[in-house]
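Under our numbering, read the sequence shown as residues 2 to 132, first letter to last. Below is one structure, written out as structure tokens; comments come after it.
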Amino acid sequence: MSEISKQRPKFLAIHEIRLPLAGFASILHRMSGAGLFLMLPLLVYVLQVSLDPSPEGVAAFKAVTGNPFVKLILFGLSWAFLHHFCMGIRILLIDVHVGVEKDAATKSATAVLAVSLALTLVVAMKFLGVF
């Protein structure tokens with residue numbers, strides 16, 4: 002009977018929850034997967050336009066990818082893919098008991114975030130024609 006009368010919180014204050022860095026990386030992993038899934042029609046369309054070898058197809062591809070809003074979406078999707086990929090490797094390593102300790106988990110989550118952002122920067126520079 003004493004368990005039933007225990008005081009329970011009346012609401013969940015999300016802004017008061019303090020997640021570790023690995024928790025944020027995990028949430029971003031789920032969000033990036035959902036974003037990639039939801040934006041799949043756009044990605045398939047861009048792929049379809051890019052595969053047309055005719056001059057009209059090249060002009061259509063440049064028109065679609067030349068839009069600043071589409072560029073921003075494509076940069077976001079490249080980050081989502083790279084983060085999802087790197088975090089997936091981290092999760093696979095955790096599944097085989099590599100990096101399970103708190104310090105190692107924090108370091109690997111930091112590495113995932115840093116590597117995904119660095120690779121996104123490289124992809125963006127390549128897409129913008131820097132090199």
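For glycine and all other residues, C-beta sits at the position ideal for the given N, C-alpha and C.
Which class does residue i belong to by DSSP, given the choice of helix, strand or coil?
{"i": "R91", "result": "helix"}
{"i": "S109", "result": "helix"}
{"i": "I103", "result": "It is Lys, not Ile, that sits at residue 103 in the sequence shown. Correct three-state label for K103: helix."}
{"i": "A119", "result": "helix"}
{"i": "A14", "result": "coil"}
{"i": "G77", "result": "helix"}
{"i": "F132", "result": "coil"}
{"i": "H84", "result": "helix"}
{"i": "K7", "result": "coil"}
{"i": "V124", "result": "helix"}
So, is residue i buried or exposed, given that buried needs 16 or more other C-beta atoms within 10 angstroms?
{"i": "P6", "result": "Before going further, note that residue 6 is Ser rather than Pro in the sequence given. Classification of S6: exposed, given that the 10 Å Cβ count is below 16."}
{"i": "L78", "result": "buried"}
{"i": "R9", "result": "exposed"}
{"i": "S117", "result": "buried"}
{"i": "L39", "result": "exposed"}
{"i": "S55", "result": "exposed"}
{"i": "A119", "result": "exposed"}
{"i": "A115", "result": "exposed"}
Given a cut-off of 8 angstroms on the beta-carbon distance, is the pair residue i and residue j in contact?
{"i": "F70", "j": "T121", "result": "no"}
{"i": "S33", "j": "H85", "result": "yes"}
{"i": "L13", "j": "T107", "result": "no"}
{"i": "L29", "j": "I74", "result": "no"}
{"i": "G100", "j": "L94", "result": "yes"}
{"i": "A35", "j": "M88", "result": "no"}
{"i": "F82", "j": "L37", "result": "yes"}
{"i": "R91", "j": "V123", "result": "no"}
{"i": "F47", "j": "V59", "result": "For clarity, residue 47 is Val in the given sequence; the question names Phe instead. Against a cut-off of 8 angstroms, the Cβ pair of V59 and V47 comes out as no contact."}
Counting only runs that start and end within the region 19-74, where is the alpha helix (DSSP H) found for 4 or more residues in a row?
22-39, 41-51 and 56-67
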